[in-house]
Amino acid sequence: YDKKKLPVIEKKINIKYLEGNSLKTKSFNTYFTNKGPIMAIRDGKWISLKSKNRNTASLIQSWVRTKAKSFEEYQKAMDLKANASNNTVYADDKGNIAYWHGNFIPVRDTKYNWSDVVDGSTSATAWKGLHNVKDMVHLYNPINGWLQNCNSTPFSVSGKHSPTKANYPSYMAPDGENFRGVAANKLLDKPVKYDLDKVIAMGYDTYLPAFEVLIPALLKAYAQLPQSDPLLAELKAPIDILKAWDYRSGESSIAAAIAFEWAPRLNPIIQKVYIDPGEKDQIENTSAFVASARPNELLDPLKATLADLSKRFGKWEVTWGEINRFQRLTGAITERYDDNLTSIPVGFGSALWGQLPSYRSNQFKTNKRYGFSGNSFVCAVEFGPRIKAKSILAGGNSGDPKSKHFNDQAEMYAKGQFKDVLFYKEDVVKNAEKTYQPGN
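Going by the numbering used here, 201 is the number at position 163 of the sequence shown; the sequence numbering is gapless.
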């Protein structure tokens, strides 16, 4: 380290685990440098990891921010700089809104690419303390009155009133724009007087901005086919459907079904949402792809999509709701899915294509697709003298398949219909199905 020899610490760690009914022990020989534990070997070199994963301040921050009664108290909680993983959005009953892009951010040398492994043998790559909150990417009370957080760049968090990228080191916010962020900005930029139901309706807008880029390119490729090409007749019907499409998803939409099945067959670069500093983001990659794609790069995947749908369903004219299903059978983290058992149609799609009510689905040795990621707990809150809130869960509150609350929210979830949140004690008592006294 800095041309000096430092010891590598060797430590034996014993891990106990259950095998059947027997408690067994396995020993691991582990190694630590001054940076942290050796976690991997790449290109013959050991990689040690410096990580913030054991810290009392994190626990304290989680507690005090929950107890904060004002924007000032919440800011004091953020000043602990202990949140190593999340972006934070804040709102209160005084009308304050705020956004922080991260919280525990070490000061680093900008000459290095911090999205990759760096040379650990020099102090040049050592963390140089932490950034102060005032120096992090953040925004308080923008004049347009709104914030959005779609796991995309913070430099569009509030439209044209967002922080300026050039004012921050690249490692602080390498995130690129994605189509969900585009959708949110487009909606929020329209002047609307919101109430709770309008907020929910906006969050469940089904517009898909990615296809506003992809479909015109497909139509152009089709229009360039020579009159002698058999694809001209073969693809005419689906092309006509896509030409008339409004780029919205829905249970009854054949166009959405074709688009959702077709797009993943295109160049995988358009699906890349996590980028390194200096790389093109999803919007730029998609625009570059359609600008340079040869007609067959768009048309051949469409032909393959139609063949696949016909194989799975006996025809390609299938609605999105027939394909895209919600099914909860066991409550296990890794759920199992079965085409022969009851499922519910869902009209939403993946956030990858800009869907705000995100519902990512896939085949699991099945013909139909089943949701496994996306919106799971969704809540809309109106702050004031008395809190009003509505929420929905993916399936139900219980993890027990025998409980009536295992799937009692499934239909509502699939439709984007919310229930009232029972926040106050009198509401909870009034609606209680069963009460008990702790200790009895």
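Note that CB positions come from ideal geometry on N, CA and C, so glycine has one too.
Query: Helix, strand or coil for Tyr69? Go by DSSP, reduced to three states.; Result: strand
Query: Taking its Cβ as the centre, do 16 or more other Cβ atoms sit within 10 Å of Ser196, making it buried, or is it exposed?; Result: buried
Query: Buried or exposed: where does Tyr112 fall if 16 or more other Cβ atoms within 10 Å of its Cβ makes it buried?; Result: buried
Query: For Asn134, which residues of its own chain have a beta-carbon under 8 Å away from its beta-carbon, when the five flanking residues on both sides are left out?; Result: Phe109, Tyr128, Tyr178 and Asn179
Query: Relative to the C-alpha of Glu420, which candidate in Phe461, Gly412 and Lys442 has its C-alpha closest?; Result: Phe461
Query: Under DSSP, the beta strand (DSSP E) around Phe249 begins and ends at which residues?; Result: Not the beta strand (DSSP E): Phe249 falls in the alpha helix (DSSP H), residues Pro247 to Ala261.
Query: Let's test the definition: count the other Cβ atoms within 10 Å of the Cβ of Lys463 and tell me whether it reaches 16, buried, or not, exposed.; Result: exposed
Query: Since Arg366 contacts Gly433 with CB under 8 Å, what's their CB separation in whole angstroms?; Result: 4 Å
Query: Which ranges does the alpha helix (DSSP H) cover as unbroken runs of at least 4 residues, wholly within the segment 346-418, from first to last along the chain?; Result: 358-361
Query: Is the CB-CB distance between Asn141 and Ala120 below 8 Å?; Result: yes
Query: Using a Cβ-Cβ cut-off of 7 Å (strictly less than) and excluding sequence neighbours within five positions of Lys203, which residues of its own chain qualify?; Result: Phe193
Query: Could you tell me the alpha carbon to alpha carbon distance between Lys442 and Ala418, rounded to whole angstroms?; Result: 24 Å
Query: If we call anything under 8 Å between Cβ atoms a contact, is Gln393 one with Gly385?; Result: no
Query: Helix or strand or just coil, what does DSSP make of Trp184?; Result: coil
Query: Please state the DSSP three-state secondary structure of Lys428.; Result: strand
Query: Which residues mark the beginning and the end of the alpha helix (DSSP H) in which Ser86 is found?; Result: Careful: Ser86 lies outside any alpha helix (DSSP H), inside the beta strand (DSSP E) at Lys83 to Ser86.
Query: Out of Thr68, Val230, Thr126 and Val220, which one is the CA nearest neighbour of Leu390?; Result: Val220
Query: Assign Asn134 to one of three DSSP states: helix, strand, or coil.; Result: coil
Query: State the start and end residues of the unbroken alpha helix (DSSP H) segment that holds Ile296.; Result: Ile292 to Trp300
Query: Per DSSP, Asp147 is paired with what?; Result: DSSP lists no partner for Asp147.
Query: I'd like the list of long-range same chain contacts for Arg407, defined as Cβ closer than 7 Å, with 5 residues on each side in sequence excluded.; Result: Ile361, Asn362, Arg363, Ser399, Asn400 and Gln401
Query: Measuring only the C-alpha atoms, how far is Ser381 from Leu270?; Result: 37 Å
Query: Between Val466, Arg303 and Met116, which lies nearest to Val175 when the distance is taken from Cα to Cα?; Result: Met116
Query: Taking the straight line between their C-alpha atoms, what separation do you get for Ala162 and Met210?; Result: 18 Å
Query: Given a threshold of 16 other Cβ atoms within 10 Å of its Cβ, counted over all protein chains shown, does Trp354 qualify as buried or as exposed?; Result: buried
Query: Give every residue of the same chain whose Cβ lies closer than 7 Å to the Cβ of Ser411, excluding the five residues on either side of it in the sequence, and list them in chain order.; Result: Arg398
Query: Compare the C-alpha of Trp184 against each of Gln262, Met240 and Val251 and name the closest.; Result: Met240
Query: Taking C-alpha atoms, which residue in Trp138, His139 and Ile292 lies nearest to Val356?; Result: Ile292
Query: Using the C-alpha atoms, what's the distance from Asp235 back to Gln455?; Result: 10 Å
Query: Quick one: grab the DSSP three-state call for Ala129.; Result: strand
Query: I want to know whether the segment 296-306 touches the segment 221-235 - three or more CB-CB distances under 8 Å.; Result: no
Query: Give the range of the alpha helix (DSSP H) segment to which Leu270 is assigned.; Result: Leu269 to Glu272
Query: Here's the rule I'm using: 16 or more other beta-carbon atoms within 10 Å means buried, otherwise exposed. How should Trp84 be labelled?; Result: exposed
Query: Report the rounded CA-to-CA distance for Phe444 versus Ala452, giving the unit in angstroms.; Result: 15 Å
Query: Glu57 lies in the beta strand (DSSP E); which residues open and close that run?; Result: Ile47 to Glu57
Query: Using 8 Å as the cut-off, can you tell me whether the segment 307-323 makes contact with the segment 274-284, which would need three or more C-beta pairs spanning the two stretches below that distance?; Result: no
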